[in-house]
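Protein chains: 2
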Amino acid sequence: MQPALIQALRRQPTGFTPIWIMRQAGRYLPSYRKIREQYSFHEMVYTPELAAEVTLQPVNQLGVDAAILFSDILVIPEALGMRLEFVEGRGPVFARPIRRPEQVDDLPFAEAADLLQPVYEAVSIIRSELGGRVPLIGFAGAPWTLAAYMIEGQGSKEFRHARAFLYTSPVTMHRLLQGLTEAIVAYLRRQVEAGAQALQIFDSWAGYLTPEQFRAFSLPYLRRIVAALQDLDVPVILFARGAAHALVELSRTGADALSIDWQTDLQWAKEVTGGRVALQGNLDPIALYASRDVLQREVEQVLKSYGFATGHVFNLGHGILPDAPVDHVKALVDFVHEQSAKYHITEPVTA
Amino acid sequence: MQPALIQALRRQPTGFTPIWIMRQAGRYLPSYRKIREQYSFHEMVYTPELAAEVTLQPVNQLGVDAAILFSDILVIPEALGMRLEFVEGRGPVFARPIRRPEQVDDLPFAEAADLLQPVYEAVSIIRSELGGRVPLIGFAGAPWTLAAYMIEGQGSKEFRHARAFLYTSPVTMHRLLQGLTEAIVAYLRRQVEAGAQALQIFDSWAGYLTPEQFRAFSLPYLRRIVAALQDLDVPVILFARGAAHALVELSRTGADALSIDWQTDLQWAKEVTGGRVALQGNLDPIALYASRDVLQREVEQVLKSYGFATGHVFNLGHGILPDAPVDHVKALVDFVHEQSAKYHITEPVTA
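Top line first, the protein sequences correspond to chains A and B.
Each residue of the first sequence is one higher than the one before, starting from 1065 at the first, in this note's numbering.
Each residue of the second sequence is one higher than the one before, starting from 1065 at the first, in this note's numbering.
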């Protein structure tokens, strides 16, 4: 029998709604902070034993139904030779962001995945330590999201440079996106070879594209990635944050599931995607700061929005924040397990 | 005959598509920066002659079809006694953000509008100096957006405190929103008495609410504001940024027009709002950094999305950025005037 997460992603019946939490291996956990005190974020990402240890923490402590690899979407740009600087209070910054077409020519897209051995080692260790308890999700950033970061050079409220690039240098942009697509596919395939049992692709900055731009600069590459992973037979989840306008197209990419952000009505998402995909989400991460009673009510609200049907994976509608109260995170997992059973009552099949 | 902007907002025929630009009285204009070198932003907002001068600059220099009062949405919280500090690089910060219910009880909602005389004086001066060339738009922040700022204390990527308040203190939140609604209505009425000929309400942080929260904590107050302004007979524009999910409800608030953000497909917005309102927007502000040719094509794209119908006001889908190239802003205004004529060919009325 497959684990509940995999069944739900394939829209098969499960006795309850499985849950995992975006950024569940993160700073809100005291055990994570303890390791972070001794090592830099960068060291944690590239040291297989450390990455494995923090990946397993939420599985051991919270009872979530999946592990998700502790890593960072920026490992691909780094493997492409872009040097990251960690500036306190500013997050990671690329020393030389991409601003000229020639810079794209120099990027070794075909070799990037080979340089990420520590990630695959972490995947192997995690898989072995999990011992089949819950499945392991691998991940990568989507081409547009990585390109946006590489051009902007850092996280941004406006992504002014990356977005201007779409207007001023569309041909170079497509070359960059195509190269990244190639690197991402190779990287995800290696994660699966090492033991990842499901994959999530984070298009975190999809909402920084107009609907027309999303269709031109993101969607085609997401489609190619999904197609290039098809033969691996692992469920693929797409998270195009802020692109609710494209849910119909996203549900036709061949992906098994779509992760829905908290700004989108889950019931509406289910209607427009017409049962073609499983849906993941979408509790507002801020609901974790509410009282237990209110949190419980909000969990019920999400379960009810999805309703009586297969294909729901519970999650937050965005990553958990660093100061989320751990006892409420634990309560969330329990609430979902307890409260979801009634949405999974299966009728006996009668002749 | 009414000015083109007013006619378009009322969905009456015009010979071309009128245009104004959100934050058109702003830092991208050298003449604005010259004044800003001598005075603080705060002094400019509260000195009627200065506010009037920068309000008129884009009208005189760009040929836009409306003036919009140079002011700030935070004047209402300030009039409520909340002290703003201007921290370099951080934007305005409230010295004592709202975190406890008692703080809401102390706010003098009924008197706030009386303290904003300099704004009404600016409106009078602008109206008189415009001499009927183009109409003057007044504005205010929406209740939720002001509340979010007052609770958070500053602009934010997450609005974690303001958003947690929705879960932990919904009753206090409604009290705050109700008080703000009262203050906003009084403030906007005074702007109209002083000479404002149209009004825009900025719900800039609407996208920080779940669809359900938007319906509970923003929409009812927007509805009340619109209703309370109805007798003034000036067109009211709502800009609920990031709330495309609520366009149908917004089109039924009684507002004359909805401003559409650049992340929303204008053609789709027109379809779902079914001709009940005029639409304003929605060129991506970043398109101003493109070449003139590309900018022209993007203008055509927006005009074409709206198509052959009355009720379109051209604008950006968000405020203009401080480093937008002025020559392209001028070109934008000309392109809209030239290219829009063909969408306004009126059929002779035959018996």
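Just so you know, even glycine gets a beta-carbon here, dropped at the ideal spot from N, CA and C.
- If the five residues before and after Val-1366 (chain B) are omitted, its C-beta is found closer than 8 Å to the C-beta atoms of Leu-1330, Gly-1345, Asn-1346, Leu-1347, Phe-1378, all from its own chain and listed in chain order.
- In the structure shown, the three-state DSSP call for Ile-1162 (chain A) is coil.
- Taking 8 Å as the cut-off, the Cβ atoms of Ala-1270 (chain A) and Pro-1199 (chain A) do not count as close.
- Within the same chain, Thr-1317, Gly-1318 come within 8 Å of Arg-1287 (chain B) by CB-CB distance, once the 5 residues on both sides are set aside.
- At a C-beta separation below 9 Å, Pro-1275 (chain B) has these neighbours in chain A: Gln-1327, Thr-1328, Asp-1329, Trp-1332.
- Classified as exposed, Arg-1160 (chain B) has fewer than 16 neighbouring CB atoms from the shown chains inside 10 Å of its CB.
- Scanning chain A for C-beta atoms nearer than 7 Å to the C-beta of Tyr-1231 (chain B) yields Ile-1350, Ala-1351, Tyr-1353, Ala-1354, Val-1358, reported in chain order.
- For the stretch 1280-1313 of chain A, the beta-carbon criterion of a distance under 8 Å to any beta-carbon of chain B is satisfied by Gly-1306, Ala-1308, His-1309.
- Under the Cβ criterion of 8 Å, Gly-1217 (chain A) is not counted among the residues facing chain B.
- Residue-level contact by beta carbon holds for Arg-1224 (chain B) and chain A, with a gap shorter than 8 Å.
- Residue B:Trp-1084 holds the alpha-carbon nearest to the alpha-carbon of Val-1397 (chain B) among B:Arg-1075, B:Leu-1069, B:Trp-1084, B:Gln-1066.
- Ranked by Cα distance from Arg-1361 (chain A), the options A:Ala-1321, A:Gly-1383, A:Trp-1326, A:Gln-1403 are led by A:Gln-1403.
- Around Ala-1228 (chain B), the beta-carbon contacts reaching into chain A at under 8 Å are Ile-1350, Tyr-1353, Ala-1354.
- Judged by beta-carbon spacing, Tyr-1251 (chain A) lies beyond the 8 Å limit of Ala-1304 (chain A), meaning their Cβ atoms are not closer than that value.
- By the Cβ-count criterion, Ser-1355 (chain B) is exposed, with fewer than 16 other Cβ atoms from all chains shown falling within 10 Å of its own Cβ.
- Not flagged as an interface residue toward chain A: Gly-1155 (chain B), since no C-beta distance is shorter than 8 Å.
- Close to Gly-1271 (chain A), with beta-carbon spacing below 7 Å, are these residues of chain B in chain order: Gln-1327.
- The C-alpha of Lys-1098 (chain B) is placed about 42 Å away from the C-alpha of Asp-1169 (chain B).
- The three-state reading of DSSP puts Leu-1144 (chain B) in coil, since its state is none of H, G, I, E or B.
- DSSP places Asp-1267 (chain A) inside the beta strand (DSSP E), whose first and last residues are 1262-1267.
- Secondary structure note for Leu-1230 (chain B): its alpha helix (DSSP H) is the uninterrupted segment 1224-1232.
- In the three-state scheme derived from DSSP, where H, G and I count as helix and E and B as strand, Gly-1243 (chain B) is classed as helix.
- DSSP places Phe-1134 (chain B) in the coil class of the three-state scheme, outside both helix and strand.
- Nearest CB-CB separation between Lys-1221 (chain B) and chain A: below the 8 Å threshold.
- With a cutoff of 8 Å on beta-carbon distance, Pro-1389 (chain B) and Leu-1352 (chain B) are scored as near each other.
- Between the alpha carbons of Gln-1076 (chain B) and Ala-1247 (chain A) lies a distance of about 54 Å.
- One finds nothing in chain A with a Cβ atom closer than 9 Å to the Cβ of Leu-1343 (chain B); even the nearest lies about 15 Å away.
- At a C-beta separation below 8 Å, Leu-1385 (chain B) has these neighbours in chain A: Glu-1222, Arg-1224.
- By the neighbour-count criterion, in which 16 or more other beta carbons inside 10 Å mark a residue as buried, Lys-1368 (chain A) falls on the exposed side.
- For Phe-1203 (chain B), the enclosing beta strand (DSSP E) begins and ends at 1200-1205.
- Collapsing the DSSP output to three states places Glu-1175 (chain B) in coil.
- In the three-state reduction of the DSSP assignment, Gln-1181 (chain B) falls in the helix class.
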